[in-house]
Structures are given as C-alpha cells and as structure tokens.
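The sequence shown begins at 421 in my numbering and counts up one residue at a time. Take a look at the structure below.
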Amino acid sequence: MAFSLPAAALLVALFATSRSALARTLGLAALLATLLFLFYGMGETRPAIWAFFGWRGSAVMLCTALVTAGALCAPLLAGSWLGQAWPLRVAAYLPVLAIVVWAQRNVTGTDPRLPFAISPWPVVSFFGIEIGDALIAGLLACVALLFAGLGLLRGRPALALLAVGVALAIPVVWVRFRLGADMALLGAAIVLASAAIGVSAMGRSPMLAPRRARLETATRSTAVGALLLALPILCGDLAVAHDYTVTRSQKAQQIIDALARYFQREHSYPESLQELVASKDLAQIPRPQVGFGGGDEGFTYQNFGASYILEFSAQRWVQCAYNPPWSDDSEGKDDGPSAASASNPAGGEEQTSPGSEEDAGNASDDERIHGAWSCPTKPPELW
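Pasting the structure below:
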C-alpha cells in the first residue's frame, strides 16, 4: 500500500488547493488506478491475469478507475456543470452520454484475435458502468433526498421526515430483497433524484439561512449528478436489450427457419450458411445486431449431421447458442423427428417424443416454442 501514498497525497493536495471538479476527478482516478495496478501486480495468480491480457489489461484498469471516479465525483462535476450556460452544458454532456452508450452497446466479451477468444473490455462496461456506476447513482439519489429532507426540518417537518425516511429505507430494502443493479435501479435513481429536487424547491425562499442554503446547493448538485449519471447508463441498457432481442428473436430465427426449409428439401443440413444463399433460402446471411455497426461480428454455424449449433456473441460476456430439438427415436426412422424438426423449426410439442415428455414439461415455454437456446429471451440479469 505504500506505493499508493503518492497518488493519495496528490488527491489530498488537489482537494485542498483546487476547486476544479475535473482535476479532483482525475486525482481520484489516479488513486483508484494505482490501487488496481497494485492489486493485480501482487499475489501469486493475479499478475498472470494481467500478463494474459497485456496492454488491454492495463487499459481496462485505467478506464475502470476513470468511470468509477467520474461517478463518485458526479456531485462535484454536476455543480460545475450547473454553473455553465446551457450551450456549454449540452456541449459538455453529449460526448459523455455518447461514449457511455457506445461502451455498453459495442463491447462484447469475445474477440477471436485474443487467446481463448476472451476479451477483457466488458469489465469496464459491465462491472464499471452497468453495476458500479449504477449503484453509485442510486446511492447519490438517496443522499440527495436525505439532504432535501434535512433542509426542510424547520419549515415543513412532516415532509422532511418522509423524505429522510424514504432516503434511509430505500438502500436497506434494496439490499434486503436483493433487487440488483439493473434498469429498475436506474429508474429508481431518476425518480428519487427528481423527488429530491422537487422537495428542495418546496422550501426555497429568497432569504435562506447559511446552513439551509448549503443544504439546498448540496441537494441540487447531488441530485443532478445522480440524474446525469443514471441517464446514459439507462440509455445504454435499453440499447443492449434491443440489440439482444433483435438478434436472438429475429435475425437468428431467420437463419433457423432457412435451415429448416433446407433440411426439409435436402434431408440434411448445409455445411455452411452460405449454402442457404446459394439455395435461395436466404437473400443474405443476417448479421448479429451489436452496437452501431462496423464490426466483424457474425453468426457461427457448425453442422453435426442430424443437428447443428448456431451461435452469436452478445454484449457483456453473453454467448448464445441454439440447437434444433432432438428426439429419443431420431435414429432408424425415415420420417423421424429430424424431419419433424425441419417442418417445425420452432420446436413445438409435436417434436417431443413420449420418452422426453418429462424433460419437455420441465423446459421453459421459450424452449418449447423456439428450440434449445442456451440463453434466455431477455438479456441475463446483472446479478
């Protein structure tokens, strides 16, 4: 830990001598990055993880430290942002929103150019932004509501106690019932931060005591910081959910239906997806919808004779795979379940043999309708 003392001293000096929110944020990012470097540079196995990813591991730690520091310093940054004219506010915030949404929507955990095709970049978008920053946004919203309630204790005590009670109860309830860090948390953060601004405005008057004025300023900057932090993460989550749904339920299904038509006609599956274009079962091979385009993502297809596997990489570390339904009596029958799976690629109930009724009963409705997917219909929950 002694190696982190210079970064800690720099952070203390910045908070003591500078009022620049950006400088303080960068100082905190430097300290967090130093701690991450020390953590992965020491121990028996952690240095091997760092070496495995090389410069990408270093970049991931730097980016994670930066997005975490930005979230923790959101009230400071929001206070500085509120002091600018609206054109400068828009010009300063839009690039941040675009970068956050891009990072969430464009990053997958698969890269064929890397060993074992594992990419470390979702550490930033997944752990740093979608979990870490989302939790910080929720906590900041509760703190803002707490400040708003404290500022009204003398003027409107009933409303003040309600605001303080809600601000203190929400984190306890969230942890107690394990509600997680997903879009519900971001929605709650936006609602609570907006409520904090509204509650604070109820007690506003031209003549405020110094303590009351400080609480109102703290409420506003903390609430706006929570809003500015939660909004791009929520937009990114919505974009990720849309991409995932379009790829799994529409584009992959086009290929599955084309493979079923090909099998019904040829009594075998093609060796490659390009044969579906040559046979005019598809006009072109659909591509997974990941991010804003420009990548080299594509569906992966392997033929196993009477079956196949169709895969695609989604955001985070999600890898989706589809297999056509199997039946116990698939061997030795000319018009067995393989042909049935071709006529009904969605894997309906007529494909289920008596011996597999129990498995079918335990399967989800999605599996009975769409076949054997390794991933759910919606993106998996963050935790």
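We put the beta carbon where it would ideally sit given N, CA and C, even for glycine. Model, not experiment: these values are computed from the prediction.
Can you name the start and end residues of the beta strand (DSSP E) that residue i belongs to?
i                 : result
phenylalanine 719 : First-last for phenylalanine 719: undefined, no H or E at that position.
tyrosine 728      : 728-733
cysteine 740      : 739-743
Taking 8 Å as the cut-off, decide whether the C-beta atoms of residue i and residue j are in contact.
i             : j                 : result
glutamine 735 : threonine 528     : yes
threonine 454 : phenylalanine 423 : yes
alanine 443   : glycine 499       : no
alanine 608   : glycine 569       : no
alanine 678   : leucine 696       : yes
cysteine 740  : arginine 668      : yes
valine 738    : cysteine 795      : yes
tyrosine 728  : tyrosine 664      : no
alanine 589   : leucine 566       : no
aspartate 701 : arginine 681      : yes
glutamine 524 : valine 666        : no
alanine 449   : glycine 645       : no
leucine 573   : alanine 613       : no
leucine 649   : alanine 491       : yes
valine 520    : isoleucine 676    : no
alanine 616   : alanine 703       : no
leucine 605   : leucine 599       : yes
glutamate 717 : serine 699        : no
Report all residues from its chain with a CB closer than 6 Å to the CB of residue i; omit the five preceding and five following residues, and keep chain order.
i                 : result
valine 563        : Thr642
tyrosine 721      : Leu693, Leu730
leucine 430       : Gly447
proline 706       : Lys671, Gln674
glutamate 390     : Nothing can be reported for residue 390, as the shown portion of the chain is limited to 421 through 803.
phenylalanine 546 : Arg736
alanine 792       : Asn743
asparagine 526    : Gly711
leucine 482       : Ala453
leucine 497       : Ala441
valine 595        : none
If I measure Cβ to Cβ from residue i and keep anything under 8 Å in the same chain, skipping five residues before and after, which residues do I get?
i           : result
alanine 428 : Leu451
proline 535 : Phe472
proline 591 : Gly558, Leu559, Cys562
For residue i, report the span of its alpha helix (DSSP H) as first-last.
i             : result
leucine 606   : 603-622
glutamate 550 : Careful: glutamate 550 lies outside any alpha helix (DSSP H) and carries neither H nor E.
proline 467   : 466-473
histidine 687 : Histidine 687 -> no alpha helix (DSSP H), and no H or E assigned at all.
leucine 572   : From DSSP, leucine 572 is part of no alpha helix (DSSP H); its letter is neither H nor E.
cysteine 655  : 630-666
threonine 454 : 441-461
glutamate 403 : Nothing in the structure corresponds to residue 403, since the chain is present only between 421 and 803.
valine 432    : 425-437
aspartate 496 : The residue asked about is misnamed: residue 496 is leucine in this sequence, not aspartate. Start and end: 494-502.
With a threshold of 7 Å on Cβ separation, who are the neighbours of residue i within its own chain once the five nearest residues in sequence on each side are excluded?
i              : result
proline 540    : Phe473, Arg476, Gly477, Val480
serine 620     : Ala568, Gly571, Glu636, Thr639, Arg640
aspartate 531  : Ala537, Ser539
valine 487     : Val544, Gly548, Ile549, Asp553
methionine 603 : Leu654, Asp657
Would you say the beta carbon of residue i comes nearer than 7 Å to a heavy atom of the ligand FMN?
i           : result
leucine 605 : Because no ligand of any kind appears in the structure shown, any question about the ligand FMN cannot be addressed here.
ask   = Does the stretch 457-466 touch the stretch 492-512, meaning 3 or more C-beta pairs lie closer than 8 Å?
value = Inter-segment contact for the stretch 492-512 and the stretch 457-466 is absent: fewer than three beta-carbon pairs are separated by less than 8 Å.
query = Mind pulling the beta strand (DSSP E) runs of 3 or more residues that sit fully within the stretch 510-541?
reply = When DSSP assignments are scanned along the stretch 510-541, no uninterrupted stretch of beta strand (DSSP E) that is 3 or more residues long falls wholly within it.
query = Does the stretch 429-436 touch the stretch 469-484, meaning 3 or more C-beta pairs lie closer than 8 Å?
reply = Here the stretch 469-484 makes no contact with the stretch 429-436; the two share fewer than three CB pairs at distances below 8 Å.
key: Three or more C-beta pairs below 8 Å linking the stretch 578-590 and the stretch 513-522   = No: the two stretches stay apart, fewer than three of their Cβ pairs being nearer than 8 Å.
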